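First up is the structure itself, then whatever we jot down about it.
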Amino acid sequence: MSYSVGQVAGFAGVTVRTLHHYDDIGLLVPSERSHAGHRRYSDADLDRLQQILFYRELGFPLDEVAALLDDPDADPRAHLRRQHELLTARIEKLQKMAAAVEHAMEARSMGINLTPEEKFEVFGEFDPDQYEEEVRERWGDTDAYRQSRQKTASYTKEDWQRIQNEADELTRRFVALMDAGEPADSEAAMDAAEDHRQGIARNHYDCGHEMHTCLGEMYVSDERFTRNIDAAKPGLAAYMRDAILANAVRHTP
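Quick note on UniProt numbering: the sequence shown kicks off at 1 and runs consecutively.
So this is what it looks like as structure tokens:
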């Protein structure tokens, strides 16, 4: 049984031109020729082609492929072991590449699609990626988390800069209210808290008053939030919590 060059090209998924080239350089010389001089390939030729394509897939240059296949001292079992080792190494490399791609996709879906320089420009020393795993574990099954991922997926550096500027402006408002001696349940403080809630809803996820009060409680129960918020003014986290709670009560029928 023999096969034409066109048939072999179809079997192997290569071009006729490639097979002609392999013949010209002596890498894969067909075992037969038709009466008209056309190339005819045997089953043994197909086996050799399979090995050639395997090594080519692994990145071996053609001259090294020829040396591997034409070594008279080559042990077939050793040859198979080498193929297995190379395949195993390739699989491991591809798995690492796949993991890297998954990580990149996840980072992009979170909307933090910024270079390290851009992240520093927008967030300063705070790195939002640092807490992503914890956020996913705590809220990954919630509608708010899924909605935030969907909404922020297309955010650019400019979007994140705008959101950060809004947050900084709110912080200044709260600090100014504290400095002026305004109680946390004053109209001005509750208005600031309402703007804070609406900013979350606008930029991230639907944030009702009940969820907003939960966030306020977290500002004082999680020392990391407290430390970050109080960096603007000692006691700010508790003040914001109280203003958020008062605003929620104000909007409760």
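C-beta atoms are modelled at their ideal positions from N, C-alpha and C, and glycine is treated no differently.
Small disclaimer: the values here were computed from a predicted structure and weren't measured.
Near residue i, which residues of its chain fall below 7 Å by C-beta distance, leaving aside the five closest residues on each side in sequence?
i, result
"residue 174", "192, 236, 239, 240"
"residue 216", "240, 241, 244, 245"
Along the chain, where does the alpha helix (DSSP H) that runs through residue i open and close?
i, result
"residue 239", "236–250"
"residue 233", "No alpha helix (DSSP H) holds residue 233; DSSP gives it neither H nor E."
"residue 214", "209–221"
"residue 199", "187–203"
"residue 63", "62–70"
Strictly by DSSP, which residues pair up with residue i?
i, result
"residue 4", "40"
"residue 33", "39"
Skipping 5 residues on each side, what residues in its chain have a beta carbon closer than 6 Å to that of residue i?
i, result
"residue 242", "184"
"residue 247", "190, 193, 194"
"residue 39", "5, 30"
"residue 3", "41"
Helix, strand or coil for residue i, going by three-state DSSP, please let me know.
i, result
"residue 167", "helix"
"residue 135", "Caution is warranted here: a pLDDT of 43 is assigned to residue 135, below 50, making its placement in the model unreliable, and the coordinate value is therefore given only provisionally. Three-state result, residue 135: helix."
"residue 14", "coil"
"residue 156", "coil"
"residue 335", "Only positions 1 to 253 of the chain appear in the structure, and residue 335 is not among them; the question remains open."
"residue 58", "coil"
Who are the Cβ neighbours of residue i in its own chain at under 8 Å, not counting the five residues just before and after it?
i, result
"residue 50", "12"
Inset, instruction - Would you check if the segment 162–178 and the segment 219–226 touch, i.e. whether three or more CB-CB distances between them fall below 8 Å? - result: The segment 219–226 is not in contact with the segment 162–178.
Inset, instruction - Tell me, please, whether the segment 180–190 touches the segment 152–162 by the rule of three or more beta-carbon pairs shorter than 8 Å. - result: Touching, no, given that fewer than three Cβ pairs across the two stretches are closer than 8 Å.
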